[in-house]
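S.K.:
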Amino acid sequence: METNFDAATLTVRLGAIAGNYRTLKNLASGAALAGVVKADGYGLGAAQVAPALAGVGCDTFFVARLAEGVALRPLVPKARIFVLDGASQDAAAALIAHNLTPVLNDLSQIAAWSAAAKSARLDCAIHVDTGMNRLGLPQPELAMLAAEWKSRLAGLNLVLLMSHLACSDEPGNAMNGEQLSRFRAALAMLPPTPASLAASGGILLGKEYLFDLARPGVSLYGANPQPGGKNPVSPVAVLKARVLQTRRIDKGESVGYGATFRAKRPSLIATLALGYADGILRALSGKGLAFAAGKSVPMVGRVSMDLIGLDVTDAGPVKAGDEVELLGDHILLDDVALAAGTNAYEILTSLGRRITRHYTDHAA
Ligand SMILES: *Cc1c(COP(=O)(O)O)cnc(C)c1O
């Protein structure tokens with residue numbers, strides 16, 4: 017069946033991603049800027065996002081999984097692609113075949129990658145842990161590497177030494193300075209190597225955090241690197257949904273499952289064709305906002321799988337078929353995250369497959 021009626025649309029502004037890349041590059045004190053496009057470009061489509069970034073000079077990308085790197089390779093044929101998961105013995109052949117550079121996270125990955133370097137030298141990055149305790153060489157392994165780096169890195173070109181900050185979204189957090197000192201100490205233990213510490217938040221922490229390469233992800237997609245401060249980047253994801261029906265309800269009537277909302281006055285309720293199956297988190301029940309007929313209006317009642325109720329009593333005229341914004345220039349990504357009790361990353365990566373996606377080169 018042909019249909020030109022899109023119940024919900026996500027417009028991804030590739031022009032805004034390009035603009036955000038330029039903005040962040042200007043903030044990065046001369047450091048090179050990679051693009052982090054893991055999790056399908058934070059849910060917005062790595063296949064579209066990565067070429068748009070390459071178009072404004074981004075020549076280095078980070079993905080999490082090997083499969084993400086394999087899928088990305090033909091889209092940015094000339095770029096360096098780092099795979100954050102690293103190199104297990106099993107992954108080595110595919111990494112080599114697709115010209116992917118693993119970020120090695122422990123001595124066993126370093127050994128596996130060194131063993132894979134037979135006839136040709138292989139590039140690699142090394143991730144040292146500086147306090148996140150998630151990925152990267154722990155301190156004792158770093159000491160072992162430093163003591164025996166020539167043999168342990170046999171056959172390898174170390175092209176990047178990196179670490180990751182746990183609290184870079186909080187400029188006042190003492191952990192930032194501690195991780196910076198640990199990272200500097202790690203750098204001093206190894207032969208001179210290009211270095212990278214900052215992701216989105218780190219770019220705003222100051223020049224000393226920038227080293228040779230910054231690795232922004234979420235800020236390319238419009239989220240404020242340090243929520244609370246002024247956002248230097250522009251909105252990228254614009255989510256709109258259609259009103260399916262409107263109804264007048266009397267004072268005392270309820271809306272939705274569990275009857276969690278009761279009207280305190282006669283109200284006009286609009287029901288939207290969007291729900292938690294589309295990534296509008298159920299945690300937004302009674303907390304989220306939408307922009308309808310020129311006004312911000314509250315979600316009322318629980319978010320259902322496919323539907324959301326809005327109280328449009330105070331908005332201009334709203335009728336079935338109208339489009340309402342749930343994310344964009346009026347309903348800001350960081351505000352949605354705050355209302356849902358989560359972060360912008362989870363909001364973006366939750367956006368569902370049922371939503372029709374459009375890509376535009378425009379920035380606004
Ligand atoms: C996800 C990730 C990034 C990007 O972080 P943002 O906060 O999205 O800018 C950078 N480096 C590593 C190691 C990551 O896991």
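Using our numbering, the letters of the sequence shown correspond one by one to residues 17 to 380. We put the beta carbon where it would ideally sit given N, CA and C, even for glycine.
#1: Given 8 Å as the limit, tell me if L151 has its C-beta closer than that to any heavy atom belonging to ligand 1.
#2: Cβ of S235 within 8 Å of any heavy atom in ligand 1?
#3: Tell me the DSSP secondary structure of F77 in three-state form.
#4: Would you list the one or two residues that DSSP bridges to H378?
#5: To the nearest angstrom, how far is it from the Cα of L120 to the Cα of G188?
#6: Measure the C-alpha to C-alpha separation of R370 and C140 and round it to an integer number of angstroms.
#7: Assuming Q155 is part of the alpha helix (DSSP H), what are its boundary residues?
#8: Express the C-alpha separation of P232 and L82 in angstroms, rounding to a whole number.
#9: Determine the DSSP secondary structure at E341, reduced to helix, strand or coil.
#10: In whole angstroms, what separates the C-alpha of A356 from that of G57?
#11: Which term fits H143, buried or exposed, when burial requires 16 or more other beta carbons within 10 angstroms of its beta carbon?
#12: On the DSSP bridge list, what partners appear for A306?
#13: Are the Cβ atoms of R168 and I126 separated by less than 9 Å?
#14: Pull up the DSSP beta-bridge partners for L323, would you.
#15: For G51, list the residues DSSP reports as bridge partners.
#16: For chain C, find out if any of its Cβ atoms is closer than 9 Å to the Cβ of M315; answer yes or no.
#17: Would you decide whether T287 is buried or exposed? Buried here means 16 or more other CB atoms lie within 10 Å of its CB.
#18: Within 10 Å of its beta-carbon, does G310 have 16 or more other beta-carbons around it, so buried, or fewer, so exposed?
#19: Nearest-angstrom Cα distance between E362 and G59?
M.R.: Walking through what the data contain:
#1: For the purposes of this step, residue 151 is taken as residue 135 along the sequence shown, with counting starting at 1. True, at least one ligand heavy atom lies under 8 Å from that Cβ.
#2: Taking the first residue of the sequence shown as 1, we reach residue 235 at position 219. S235 Cβ: within cutoff of ligand 1.
#3: For the purposes of this step, residue 77 is identified with residue 61 of the sequence shown, where counting begins at 1. DSSP places F77 in strand when its eight states are reduced to three.
#4: The sequence position of residue 378 within the sequence shown is 362, counting from 1. DSSP output for H378 lists no bridge partner at all.
#5: The count along the sequence shown starts at 1 and reaches residue 120 at position 104. The count along the sequence shown starts at 1 and reaches residue 188 at position 172. Whole-angstrom Cα-Cα distance: 30 Å.
#6: Within the sequence shown, numbered from 1, the residue matching residue 370 stands at position 354. Within the sequence shown, numbered from 1, the residue matching residue 140 stands at position 124. Spanning the two alpha carbons is a distance of roughly 38 Å.
#7: Here the question's residue 155 lines up with position 139 in the sequence shown. Unbroken alpha helix (DSSP H) run through Q155: 155-163.
#8: Here residue 82 corresponds to residue number 66 of the sequence shown, with the count starting at 1. Here residue 232 corresponds to residue number 216 of the sequence shown, with the count starting at 1. Rounded to the nearest angstrom, the two C-alpha atoms are 19 Å apart.
#9: The sequence position of residue 341 within the sequence shown is 325, counting from 1. Strand at E341.
#10: Translated into positions along the sequence shown, residue 356 becomes position 340. Translated into positions along the sequence shown, residue 57 becomes position 41. Those two C-alpha atoms are separated by around 21 Å.
#11: The sequence position of residue 143 within the sequence shown is 127, counting from 1. Flag for H143 reads buried.
#12: For the purposes of this step, residue 306 is identified with residue 290 of the sequence shown, where counting begins at 1. Paired residue(s): V313.
#13: Locating residue 168 in the sequence shown gives position 152, counting from the first residue. Locating residue 126 in the sequence shown gives position 110, counting from the first residue. Going by C-beta atoms, R168 is nearer than 9 Å to I126.
#14: Position 307 of the sequence shown, counted from the start, is the residue given in the question as residue 323. According to DSSP, L323 bridges with nothing at all.
#15: Position 35 of the sequence shown holds residue 51. Per DSSP, F77.
#16: The structure shown contains no chain C; it is built from a single protein chain.
#17: Taking the sequence shown and counting its residues from 1, the one referred to as residue 287 is at position 271. T287 should be labelled buried.
#18: Here residue 310 refers to the residue found at position 294 of the sequence shown. Exposed, by the Cβ-count rule.
#19: Walking along the sequence shown from the start, residue 362 turns up at place 346. Walking along the sequence shown from the start, residue 59 turns up at place 43. If I take the Cα positions, the gap works out to 9 Å.
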